[in-house]
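Residue numbers for the sequence shown follow the numbering used here, so the first one is 7 and each next one is one higher. We treat Cβ as the ideally placed atom computed from N, Cα and C, and that holds for glycine. Only a predicted model underlies this, so the values are computations on that prediction, with no experimental measurement involved. One structure is given here, and the rest of the page talks about it.
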Amino acid sequence: MDEAGLLHLLKTRFGLTGFRGGQREGVDHALAGRHALVVMPTGSGKSLIFQLSAVALPGTTLVISPLIALMKDQVDALGRRGIAATFVNSTLSSDEQSRRIEGMANGRFKLVYIAPERLRSTAFVEALKRTQISLLAIDEAHCISQWGHDFRPDYLALGQAREMLGAPTTLALTATATPEVQDDILAQLRLPAAERVITGFQRPNLVFHTRYTPDLRSKLNVVRKVLSVVKGAGIVYVGTRRDADELTTTLESEYQVPSFVYHGGMEKSQRSMMQDAYLSAANAVMIATNAFGMGVDRPDVRFVLHFSIPGSLESYYQEAGRAGRDGKLAQCMLLYAPQDRNLQEWFIENDAPSQNELVHLCKLIASRAREGVATVSVDELLAATRMFEVKVRVGLAQLEAAGALTRLERSGTGTSFRVGELTEVMLRDIQVDVAQRRQHKREQLAKMIHYAETTTRCRQQMLIEHFGDNSTITSTPCCDFHIRVARNEPHPDFAGEAAGRAAQAADVPRGDTIRETARLLGEGLTVREVAAKRGLTPSTIYHHAAQLISEKSLAVRAIVTESREAEIRAAVARVGASDRLQPIKSALPDSVDYGEIRCVVAAIGAENTPSPPPTLPPENAP
7 MDEAGLLHLL KTRFGLTGFR GGQREGVDHA LAGRHALVVM PTGSGKSLIF
57 QLSAVALPGT TLVISPLIAL MKDQVDALGR RGIAATFVNS TLSSDEQSRR
107 IEGMANGRFK LVYIAPERLR STAFVEALKR TQISLLAIDE AHCISQWGHD
157 FRPDYLALGQ AREMLGAPTT LALTATATPE VQDDILAQLR LPAAERVITG
207 FQRPNLVFHT RYTPDLRSKL NVVRKVLSVV KGAGIVYVGT RRDADELTTT
257 LESEYQVPSF VYHGGMEKSQ RSMMQDAYLS AANAVMIATN AFGMGVDRPD
307 VRFVLHFSIP GSLESYYQEA GRAGRDGKLA QCMLLYAPQD RNLQEWFIEN
357 DAPSQNELVH LCKLIASRAR EGVATVSVDE LLAATRMFEV KVRVGLAQLE
407 AAGALTRLER SGTGTSFRVG ELTEVMLRDI QVDVAQRRQH KREQLAKMIH
457 YAETTTRCRQ QMLIEHFGDN STITSTPCCD FHIRVARNEP HPDFAGEAAG
507 RAAQAADVPR GDTIRETARL LGEGLTVREV AAKRGLTPST IYHHAAQLIS
557 EKSLAVRAIV TESREAEIRA AVARVGASDR LQPIKSALPD SVDYGEIRCV
607 VAAIGAENTP SPPPTLPPEN AP
C-alpha cells in the first residue's frame, strides 16, 4: 500500500494524522512480509503497528497476548472504529468460544486476540488451520525469554506454533528488552534474521531523579515533599505487600493523603475495585507492588515514585514510564538506600523451589493423576505445598520444560497435565538452569544499583542505552544530573557528599548511626523499640546489631533469647554455616526472624575469628 493509502486508513480508522517514531517502520515491515521485533516503551503506540497492518492486509491477524483483562478493551475500541475484531479466552462460555472460533475460520474478523495457552487447544488449532492468517502479532514478547523480567512458560511453544501456522509474517512486540533479551526472543521464535525496530525510549516530558534515603524517616520525608509539590495523580511502588499496606496507612493517618492500595495478596475483586477507584479519582495516589500497572491506562499520572529499588532497569523503566503518557511534564523519583538491595537479593534466592520442593510438587500432582492425567489448580497446590505462589508457578514451568509434565488444556477446575517421570538428570539440569537464571538476576540488580548510585551521567541516556536505543538525549533538563548542570551545582560523590547530606537531612550523623543503635540496645531497648525510636526498619537495626556482634562489641543475648540462640545454632549445625541465610531459615520455624539468624551467624563467625595481636609500641618508645 502506498503512502497516501496508509495515511487515509490512519485518519479514517484511527483518527490520527501521522505516525509516531517507529510506527511507520514497523508497519512497512509487516506489509512487506518481513518478520520484525519491535521494542518501544509503554505508551508509544506499539499496538497501532499490528492493528493498522491488519486493516491493510487481507485475511486475519492473530494477536497473542497474556493480558486477558485488556483483550475486551482493545476489541471494543476496534469495534468503535468499524474494525471487525474478537477475542477468545477463558472468560467466555464454551458455546460463545465455539461461535467465535467458527467465525474466525470463516474469515469474519480482521483481528483475533488469544492468550498463548489457547494454542494448546486441539479444536482451536484445527480452526486456525482453516483460517487465512496473514500476520502473527506477539505482544509482550519478552515473556518468551528466560532472561526477561516476566518469563512465562506458555510463550515457549510459540516458535513451534508459528511454524505450524505456515510461518506467517510475524511481529514480536515488547516495551522492555535489552539486547540480550532481544536475541533470545528471536532465537525462541526461530527468527534470527528478523528486522529490529528499537526506538522511543527517550521521554522528553519525564524528569528522572534519584534520592539517597538511608532510613524509613528520610524516605517518608521525600514522599511528603513530592506529594506537597507535585499536583495530580501518582503511583508509589513499594517492595512488599506489607510495605504497601503500612505506607497507605501512614499517608492517610499522618499526612491526610487519600490513597489506594494494590498488591497480589488482595482478592481479585478488591484489586479491581481499587484500580477502578484510582482511575476515576482526580488526584489519587496508588500505593502498590509491581502487581499493579500492566494494562492500566491512565495518561495523566504526574509522578511515579519508587520507595526502594526494583530488581532491574527493565522493571524500573517500565514502571516509571507509566508517568506522563499525556505528554505533559511528569516526575520519576527513585529512593535509594544500600540496604534496600537485601529485599531484591531475597527475591532472587527464593524465586524457584528447592530440589526437595520440586520433587514434592511433582509427586503431589502425580498423586492426583487418573490414567496418567492430573487436573490441578494453583490454589490447590499452594494449600498443599505451603510454598510461595511464585515458587509453585516457576516449579510448574520447570517441570514442563524438563518434560516431567505436559500441559494439556485449562478448564474451570484447573489445568490438566500429562504426568511423566522426574529423573535425576532432569533435576540436575533444572538446578543448573536455576543457578544461571539467578546469576543473571544478580547482574541485573548490580546494573540497577549502579544506576541509583551514579551522579555524573544523564539518567535518561543510561536508560536508553541499556535497551539498545542509539538515540541521543536532546531535551534537557531530563534528570537530576542536568538540573545540577543548569544550576551550576557540583556533582556529589554518591558515597560521600550525597550520602552525608541525606543523612544530615534526616538528623542521622554519618558514622554514628551504628553507635547510636549500640547505645539504645545497651539501655535494654528491643530491636523494634530501637527501630521505632530512630525511624528505621527493624531489618536495619538487625544489620547494625550483627555488625556489632561480629566486632565483639555486643553480646548476641542482647538480641535473641538463650533458647532462640540454641535453636538457630542447631539449625546452622545441621545445614552448615553459609553467607546465605535462606537454607538456615528453611530449617527453622516461621516465627524465627531473618534478623535473629543474621545475629547468631555473626556470633558464630566472631567465635571462629581470632582476636588481633596487641599493637606493639615503636622500638624507640620510652
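Item, Value
"Quick one, which of N614, V310, I574, A579 has its alpha-carbon nearest S597's?", "I574"
"DSSP on T175, reduced to helix/strand/coil?", "strand"
"Quick one, which of E522, A121, A193 has its alpha-carbon nearest A551's?", "E522"
"What's the gap between the Cα of K558 and the Cα of D221?", "25 Å"
"For R413, which three-state DSSP category applies?", "strand"
"Any idea if A403 is buried or exposed, counting beta-carbon neighbours within 10 angstroms, 16 or more meaning buried?", "buried"
"At 4 residues or longer, what runs of the alpha helix (DSSP H) sit wholly inside the region 526-558?", "533-540, 544-556"
"Check S286 in the structure and name its three-state DSSP category.", "helix"
"Starting from E201 and walking both ways along the beta strand (DSSP E), at which residues does that stretch end?", "201-204"
"Mapping DSSP to helix, strand and coil, what is R434?", "helix"
"In terms of residue numbering, what span does the alpha helix (DSSP H) encompassing T128 cover?", "128-135"
"State the Cα-Cα distance for the pair A501 and L370, rounded to the nearest angstrom.", "The predicted model places A501 with a pLDDT of 37, which falls under 50 and marks its position as unreliable; any figure quoted below should be read in that light. Near 50 Å, if we compare the C-alpha coordinates of L370 and A501."
"According to DSSP, is R463 part of a helix, a strand, or is it coil?", "coil"
"Does the structure place the region 322-335 close enough to the region 295-304 that three or more beta carbon pairs sit under 8 Å?", "yes"
"Which one or two residues does DSSP pair with Y218 in a beta bridge?", "Y342"
"What residue from P210, I120, G333 has the CA that sits closest to A75's CA?", "I120"
"When the Cα atoms are used, what is the spatial distance from R507 to T216?", "Reliability fails at R507, whose pLDDT of 40 lies under 50, so the model's placement of it is uncertain and no value is given."
"Considering only the alpha carbon of each residue, which of G24, L63, H41 lies closest to M7?", "L63"
"Is it buried or exposed, G330, if we count other Cβ atoms within 10 angstroms and call 16 or more buried?", "buried"
"Buried or exposed, going by whether 16 or more other CB atoms sit within 10 Å of the CB of V235?", "exposed"
"Taking 6 Å as the limit between beta carbons, can you name the residues of its chain near T412, skipping five residues before and five after?", "R424"
"Could you spell out where the alpha helix (DSSP H) holding V61 opens and where it closes?", "52-62"
"Starting from A143, trace the alpha helix (DSSP H) in both directions and tell me its first and last residue.", "Run containing A143: none in the alpha helix (DSSP H); it sits in the beta strand (DSSP E), 139-144."
"Would you kindly work out how many angstroms separate the C-alpha atoms of V562 and I520, rounded to a whole number?", "16 Å"
"Checking the sheet assignment: what are the DSSP bridge partners for V242?", "I293, L311"
"Which residue wins for smallest C-alpha separation from G27, given the options R168, L388, T205?", "T205"
"How about S53 and Q80: are their beta carbons less than 9 Å apart?", "yes"
"What are the start and end residues of each continuous alpha helix (DSSP H) run of 4 or more residues lying completely inside the region 329-403, in chain order?", "347-355, 361-373, 384-391"
"With DSSP as the reference, please indicate the residues paired to Y4 in a beta bridge.", "A question about residue 4 goes unanswered here, because the residues of the chain that appear run from 7 up to 628."
"Residues in the same chain with beta-carbon distance under 8 Å from K453, minus the five sequence neighbours each way, listed in chain order, please.", "S318, L319, H472"
"Helix, strand or coil, according to DSSP, for T254 in the structure here?", "helix"
"Between which two residues does the beta strand (DSSP E) harbouring S592 extend?", "Taken as a continuous stretch (DSSP letters only), S592 belongs to no beta strand (DSSP E), being part of the alpha helix (DSSP H) at 588-592."
"For a test of the three-state rule: what should DSSP assign to C605, helix, strand or coil?", "helix"
"Report the partner residues of Y268 according to the DSSP bridge assignment.", "A294"
"A42 by DSSP, collapsed to three states: which one?", "strand"
"According to the neighbour-count rule (16 or more other Cβ atoms, all chains shown, within 10 Å of its Cβ), is Y261 buried or exposed?", "exposed"
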